[in-house]
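Residue numbers (my numbering): 503 to 670. Read through the structure below, which is laid out as structure tokens, and then see the notes.
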Amino acid sequence: MIIANKVYSSIQKAVSDGDTLSLECNGDRLSVRLQWIDAPETQKPGSSSEDSQIIKHWEWAQKAKSELVRIIDKQKLLLIPTSKDYYDRWLCDLYIGKVSLTTNVQIQLCKAGMATSYLPFNRHSYNSRELSLLKGIITETALANRKKIGIWSEPDFILPHEFKKLTF
């Protein structure tokens, strides 16, 4: 049984995209969504488009997925689950080796320009670790944007939260 806000060791099982993966934790397989970030959306089976912006978004989604694999592959992972989302995935913070800002996977993805910050609206209570993490995610997202790293290097890139609203 998984308890929110407890630190667990976990093993990578599969990466779905740049912010969603499967981990093994205490013998259970968990569907995990990295909280407070949003990576480009992967192309869904059966979907197609000739729109260059949509195609570019899908290309960046594959790069974000590859970056997540690169960061966590064969690493000792520490997971802090917080709650479940609409899709029954655990919203989690993920770390390599130890719990610190320098080892946080979400911060590393934002720093590489492979994800944007995705703020928890209607939530107003955070512990000190969460506040530090949120600040790190926002800071690294802004720096990547300013330096035109990753998705930020693309003019007119469709941000993940905007892409989800599109129908095609």
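Glycine included, each C-beta is placed from N, C-alpha and C at the ideal position. On a predicted model such as this, the values are computed, not experimentally measured, just so you know.
Residue i burial status per 10 Å Cβ neighbour count (16 or more: buried)
i	result
residue 591	buried
residue 506	exposed
residue 625	exposed
residue 509	exposed
Endpoints, the beta strand (DSSP E) within which residue i is located
i	result
residue 584	579–586
residue 513	510–517
For residue i, the three-state DSSP class (helix, strand or coil)
i	result
residue 598	strand
residue 609	helix
residue 591	coil
residue 561	helix
residue 526	strand
residue 621	coil
residue 574	helix
Inter-residue CB distance, residue i and residue j (contact presumed, cutoff 8 Å)
i	j	result
residue 644	residue 520	Not confirmed; about 19 Å, so no contact.
Own chain residues within Cβ distance below 8 Å of residue i, not counting five before or after
i	result
residue 656	558, 562
Residue i - containing alpha helix (DSSP H), residue span
i	result
residue 656	No alpha helix (DSSP H) contains residue 656, which DSSP labels as neither H nor E.
residue 632	630–649
Residues near residue i by beta carbon distance below 6 Å, same chain, minus five either side
i	result
residue 647	654
residue 593	535, 537, 584, 585, 587
Cβ-based neighbour list, residue i, same chain, cut-off 7 Å, excluding 5 preceding and 5 following
i	result
residue 526	512, 513, 515
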